[in-house]
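**Q** There's a structure below that I have some questions on.
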Amino acid sequence: MKNLLLSITVCGIIACGCAQAKELKTIQLNDPDTQRGDAVMTALKNRKSTREFSTKELSLKDLSDLCWAANGINRPESGKRTAPSAMNKQDIKVYVCTADGSYLYNPQKNTLEPVSSGDVRPLKAPVCLILVSDTSSDWGAMDAGIVSQNISLFCAGTGMATVPRGSMDKAALKKALKLTGDQTPFLNHPVGYFK
Ligand SMILES: Cc1cc2nc3c(=O)[nH]c(=O)nc-3n(C[C@H](O)[C@H](O)[C@H](O)COP(=O)(O)O)c2cc1C
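Read left to right, the sequence shown gives residues 268 to 462 (the numbering used here).
Below, the structure written as structure tokens:
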């Protein structure tokens, strides 16, 4: 695990330095630490939008807990998620964009699956989560909003920084993330540590 974390960090540094294309590998995430973080009322008190980030890479623990908080499986017996979704469609896919490339969060396997190399982060934070739905109706937007709030509260409760953003080049992201016709990026969430 230590080696994996080291290699993620090293790849990040190299990619920042000389923008080389990297061969992305599946990242096995940690089981979520459901005991961590502030109480809900404290997290709500501290939630705010932050648009500048430290360049420090996310630890594997923080990345793992972030993905699980966003839209992980919290009831394995039914496969249901930390975020509700209209008619339990579970339509929100969470893409994790880094300086090296983009990954798709797989909540069943608790992995990040490589999608494409290259830096397509709409805002330069260590990671930028892209919330995509294949339901382009209002339901998709609402479901994305709820995942967004999970991310914001996780960050507020664990001393991390984020902002929900509607601004992004959707056409470029659709291409880079290999999205199909109905899949729409609704929000992006840069996440990192405070400067
Ligand atoms: C749906 C939505 C879209 C947003 N889009 C952007 C954006 O594109 N860029 C940005 O800097 N902030 C964006 N924000 C963040 C808001 O500007 C921010 O929440 C607002 O100024 C209030 O500040 P606070 O989050 O610190 O309370 C967005 C927020 C929401 C809910």
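Glycine included, every Cβ here is placed at the ideal spot set by N, Cα and C.
Which of the three DSSP states is assigned to residue 458 in this structure?
**A** Strand.
**Q** Who does residue 368 pair with in a DSSP beta bridge?
**A** Residue 368 is bridged to 384.
**Q** Give the single residue among 421, 336, 325 whose Cα lies nearest to the Cα of residue 313.
**A** Among 421, 336, 325, the Cα nearest to that of residue 313 belongs to 421.
**Q** Reducing DSSP to helix, strand and coil, say where residue 415 ends up.
**A** Note: residue 415 maps to helix in three-state DSSP.
**Q** Return yes when the C-beta of residue 315 is under 7 Å from any heavy atom of ligand 1, and no when it is not.
**A** At least one heavy atom of ligand 1 is nearer than 7 Å to the Cβ of residue 315, so yes.
**Q** Return the chain-ordered list of same chain residues with a C-beta closer than 8 Å to the C-beta of residue 436, the five sequence neighbours on each side being excluded.
**A** The residues are 389.
**Q** So, helix, strand or coil for residue 321, using DSSP?
**A** Correct three-state label for residue 321: coil.
**Q** Residue range of the alpha helix (DSSP H) that residue 341 falls in?
**A** Unbroken run through residue 341 is the beta strand (DSSP E), 340-342; no alpha helix (DSSP H).
**Q** Expressed to the nearest angstrom, what Euclidean distance is found between the alpha-carbon atoms of residue 340 and residue 347?
**A** Cα-Cα distance, rounded: 6 Å.
**Q** Under 8 Å, do residue 405 and residue 352 count as touching if we go by C-beta distance?
**A** Result no, Cβ atoms of residue 405 and residue 352 do not sit closer than 8 Å.
**Q** Out of 414, 423, 443, 439, point me to the one whose CA is closest to residue 454's CA.
**A** Considering only alpha carbons, the answer is 414.
**Q** Using the three-state DSSP reduction, which class does residue 439 fall into: helix, strand or coil?
**A** If DSSP states are grouped into helix, strand and coil, residue 439 belongs with the helices.
**Q** Identify every residue that forms a DSSP beta bridge with residue 307.
**A** Answer by DSSP bridge pairing: none, since residue 307 is not bridged.
**Q** Compute the minimum distance between the beta carbon of residue 434 and the heavy atoms of ligand 1, and state whether it is under 7 Å.
**A** Yes; taking the cut-off as 7 Å, the Cβ of residue 434 has a heavy atom of ligand 1 nearer than that.
**Q** Check residue 350 in the structure and name its three-state DSSP category.
**A** Residue state, collapsed to three classes: coil.
**Q** Given a threshold of 16 other Cβ atoms within 10 Å of its Cβ, counted over all protein chains shown, does residue 387 qualify as buried or as exposed?
**A** By the neighbour-count rule (16 or more Cβ atoms within 10 Å), residue 387 is buried.
**Q** With a threshold of 8 Å, are at least 3 pairs of Cβ atoms found where one atom belongs to the stretch 369-389 and the other to the stretch 439-457?
**A** With the cut-off at 8 Å, the stretch 369-389 and the stretch 439-457 touch.
**Q** Using the Cβ count rule (16 or more neighbours within 10 Å means buried), how would you classify residue 461?
**A** Residue 461 is exposed by the Cβ-count criterion.
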